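So the structure is just underneath, and the comments pick up after that.
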Amino acid sequence: MAALVTAGFLVALEIAARHYGTPGPITTQAREVIHAPKSGGMLYAAMALMLVVLTWRQRCVAVATALGIDLAFLVVRWAAGIDTAGGHPVGNGALWVILGVVVVAVTRRTGPERVLLLKGAGLALLLMAGRKTGDTWLLITSKTRPMVLDQYVATADHALGDPSWLVGRVVKATGAVGFNVLDFVYGNLAVAAVIVALYQLRHVSAERRFPRHHLVRTFLVIGLIGPAFYMIYPVVGPIYAYGTGTEYWSAVSLWAPDMPPSAPWAVAELWPDTLPPVGAPQPMPFDGITPRNCMPSLHTAWATAIFIHTRKGPRLLRHAGTFWLIATVCATLGFGYHYGADLLAGVVFTLTIEAALRAYDRDRDRAGLLLAAYGGVVFTALLLSYRWLPLQMAQHPWVAGPLLLLATASVIHRYVRTTGQWTRNTPPAGLPEPPPEPAAVDRRAADRGNGGAEPDAAQRVPAPRGGDDRQASASAGAGTSAETDAEI
Numbered sequence: 041m042a043a044l045v046t047a048g049f050l051v052a053l054e055i056a057a058r059h060y061g062t063p064g065p066i067t068t069q070a071r072e073v074i075h076a077p078k079s080g081g082m083l084y085a086a087m088a089l090m091l092v093v094l095t096w097r098q099r100c101v102a103v104a105t106a107l108g109i110d111l112a113f114l115v116v117r118w119a120a121g122i123d124t125a126g127g128h129p130v131g132n133g134a135l136w137v138i139l140g141v142v143v144v145a146v147t148r149r150t151g152p153e154r155v156l157l158l159k160g161a162g163l164a165l166l167l168m169a170g171r172k173t174g175d176t177w178l179l180i181t182s183k184t185r186p187m188v189l190d191q192y193v194a195t196a197d198h199a200l201g202d203p204s205w206l207v208g209r210v211v212k213a214t215g216a217v218g219f220n221v222l223d224f225v226y227g228n229l230a231v232a233a234v235i236v237a238l239y240q241l242r243h244v245s246a247e248r249r250f251p252r253h254h255l256v257r258t259f260l261v262i263g264l265i266g267p268a269f270y271m272i273y274p275v276v277g278p279i280y281a282y283g284t285g286t287e288y289w290s291a292v293s294l295w296a297p298d299m300p301p302s303a304p305w306a307v308a309e310l311w312p313d314t315l316p317p318v319g320a321p322q323p324m325p326f327d328g329i330t331p332r333n334c335m336p337s338l339h340t341a342w343a344t345a346i347f348i349h350t351r352k353g354p355r356l357l358r359h360a361g362t363f364w365l366i367a368t369v370c371a372t373l374g375f376g377y378h379y380g381a382d383l384l385a386g387v388v389f390t391l392t393i394e395a396a397l398r399a400y401d402r403d404r405d406r407a408g409l410l411l412a413a414y415g416g417v418v419f420t421a422l423l424l425s426y427r428w429l430p431l432q433m434a435q436h437p438w439v440a441g442p443l444l445l446l447a448t449a450s451v452i453h454r455y456v457r458t459t460g461q462w463t464r465n466t467p468p469a470g471l472p473e474p475p476p477e478p479a480a481v482d483r484r485a486a487d488r489g490n491g492g493a494e495p496d497a498a499q500r501v502p503a504p505r506g507g508d509d510r511q512a513s514a515s516a517g518a519g520t521s522a523e524t525d526a527e528i
C-alpha cells in the first residue's frame, strides 16, 4: 500500500512538472543512469545506505563496481568531448549498483533474503527520490504561488528580536571563512543524516532485518509532508524579500549559487543592516523563480531530527549532532534564508512527526499519539498567529516573544518526558530475567509432589554451563541492540 501511494505521488509530481515545461522527479532520476548526475555525493550516500544489507565481501564488490563504472563514464565522456553541463562527473556508478542489486534480488534471491535486499535498495532509491521530489516541489511553489507572505512573518519576527538580521550581521563580520564553513554544513545536511543512519543500521547485515525506527524514516516523512506547507504559507526569506538575493554572498562564497538577483522584487534593500519597519503587513508579488520554501524551516527540522537520533550514540556522534544543529540554525538565519519564526515551526514540526512515528511503532501508544496531537495543535497555532496576529505580536514583543518560545518549549518538554518514560519502561538488553513470583514457586513445589521440599541430588537437573548462559545473553543483547540504538 505504501509503495502504491509513493508511486502515485511521484507520478502526480511528474505530471505537474511537465505542465510547467520541466522534467519531473521520475524523468530526472532516470536520466542520471546515463547523464551526469546533479549530485554524485547524494548517489553514493544512497548506495552507502543500501550496503547495510550486504556482507563485507559484497560491500567491497559493490563499491569497486561503482567506482569502475564511474571511471568508464569519465573515459567515455573525455574521449567523446561530452560536457557534464553543470552536473557531477561521478555518481552514475552508484546508481547502477543500486539498480543491479534490485535485479539480483528479483532474479537470484527468494524469501526473506529477497525482501531484505529489496528493502535496502528501496531505502536508497527513496532517498534519491526524496531529493528529486524536493526540487520539483520548489519549482511548483515558485510557479503556483505568485504572492508571498514575507511581510507577515517579518512583522511577527519582531517579537523574537529579528534574529535573522542579528545573525546575518555576525556572519557578515566573519567574512569568507565563517560563511563557507556554515555553507559546507548547510549543504551537506543529507550526508550527515546518512552517517547517523549508517550507525543506526550497522547491525542489519548480521541480524538480517531493519530496526523498527531509524533516522531515514523521519527524514523522508519530513521531506514528504513539509513542502505541502510551502503551498499553504508561501514565504521566500529575508534575503530575497528584504535584500538583493543570493548574489549578496557572491563575493565570499566558494560555491556562489547561479541565480539571478531578486532585488527588483524586494520591499527594500534592508537585510541585514536595517530592520524592517513595523506596519500593517500585506501579501506581496514575487518572481516565478525563487522557491517559497521557508515555512516551516525544513533544514532546521532535519537538523533537529539528526540531533534527536544521536542522543544515545557514542560521544563523538552526540557532539557532531549538536554541532550540526547549532551550525544549521546559524546558517539558516545568518544567510538570510529564514526568519526566526520559521525555525520555531520547524522544531515543533519535527517533534510532532517523530512522536507520531514512534507511537505507531509502539502499537499506537496513547501517550505518543497525544504528544503528536499536541504538537500538531501548537504547530497550527504558530502558523495562524504569524498570519493573523503579526502586528499585535510586533507591538507587544515582551508578551508575544516569550509565548512563542514557551509554546515551542512545551512541545520539547512533553517529547522528552514521553520518550523518557518509554526508555524507562523498556528493560535493558542482556540482563537476567527477574526471579519468579512466590506463587509460581509454590506451584512448582507442589508439582514435584514432595511438599515443597528440595529434591535430592539424584533428582536435580544439572544447570547449563556458564558459557552457554553467556552466549544466550549475548545473543539476546545483539538481537535488540539495533532497535535500542535506533529508538532515540
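Take the sequence shown: its letters are residues 41 to 528, numbered as in the numbering used here. Glycine residues also receive a C-beta, built at the ideal position from the N, C-alpha and C atoms. If you're wondering where the values come from, they're calculated on a predicted model, not measured in any experiment.
In terms of Cβ geometry, residue 447 and residue 413 do not form a close pair [threshold 8 Å]. With contact defined as three or more Cβ pairs closer than 8 Å, the stretch 55 to 68 and the stretch 111 to 119 are not in contact. Cα atoms of residue 320 and residue 188: separation of roughly 15 Å, rounded to the nearest angstrom. Residue 186 and residue 173 have their C-alpha atoms some 21 Å from each other. Sequence-distant partners of residue 445 (beyond 5 residues in either direction) whose C-beta falls short of 7 Å from its own C-beta are missing from its chain. By the criterion of at least three beta-carbon pairs nearer than 8 Å, the stretch 70 to 89 is in contact with the stretch 236 to 246. In terms of CA proximity to residue 138, 159 leads the group 269, 122, 159 and 52. Excluding its 5 nearest sequence neighbours in each direction, residue 136 has C-beta neighbours in its own chain below 6 Å: 109, listed in chain order. Three or more Cβ pairs closer than 8 Å define a contact, and the stretch 263 to 281 falls short of that threshold against the stretch 246 to 255. If you check the CB distance, residue 378 and residue 182 do not come in under 8 Å.
If you draw a straight line from the Cα of residue 210 to the Cα of residue 374, it comes to about 7 Å. The secondary-structure analysis by DSSP pairs residue 418 with nothing; it has no beta-bridge partner. In this structure, the CA atom of residue 372 is about 47 Å from the CA atom of residue 148. Between residue 369 and residue 384, the gap from beta carbon to beta carbon reaches 8 Å or more. Excluding five sequence positions before and after residue 430, the CB atoms of its chain that fall closer than 6 Å to its own CB belong to 192, 195, 196 and 321, given in chain order. For the pair residue 180 and residue 56, the CB atoms are nearer than the 8 Å cut-off. Rounded to the nearest whole angstrom, the C-alpha separation of residue 81 and residue 388 is 30 Å. Under the 10 Å beta carbon count, residue 72 is surrounded by 16 or more other beta carbons and is classified as buried. Cβ neighbours of residue 69 within its own chain (closer than 7 Å, five residues either side excluded): 168, 169 and 172. Looking from the CA of residue 257, the closest CA among 461, 166, 380 and 407 belongs to 166.
In the pairwise beta carbon analysis, the stretch 455 to 462 is classified as touching the stretch 402 to 413: at least three pairs are separated by under 8 Å. Bounds of the alpha helix (DSSP H) holding residue 356 are 355 to 374.
For residue 147, the enclosing alpha helix (DSSP H) covers residues 132 to 148. Secondary structure of residue 275 (DSSP, three-state): coil.
Taking the Cα positions, residue 404 is about 21 Å away from residue 419.
Taking the CA atoms as reference points, residue 142 sits about 18 Å from residue 44.
Note on geometry: alpha-carbon atoms of residue 94 and residue 153 lie some 10 Å from one another. Here the alpha carbon of residue 272 sits roughly 44 Å from the alpha carbon of residue 99. A residue is called buried once 16 or more other Cβ atoms fall within 10 Å of its Cβ, and residue 65 is buried on that count.
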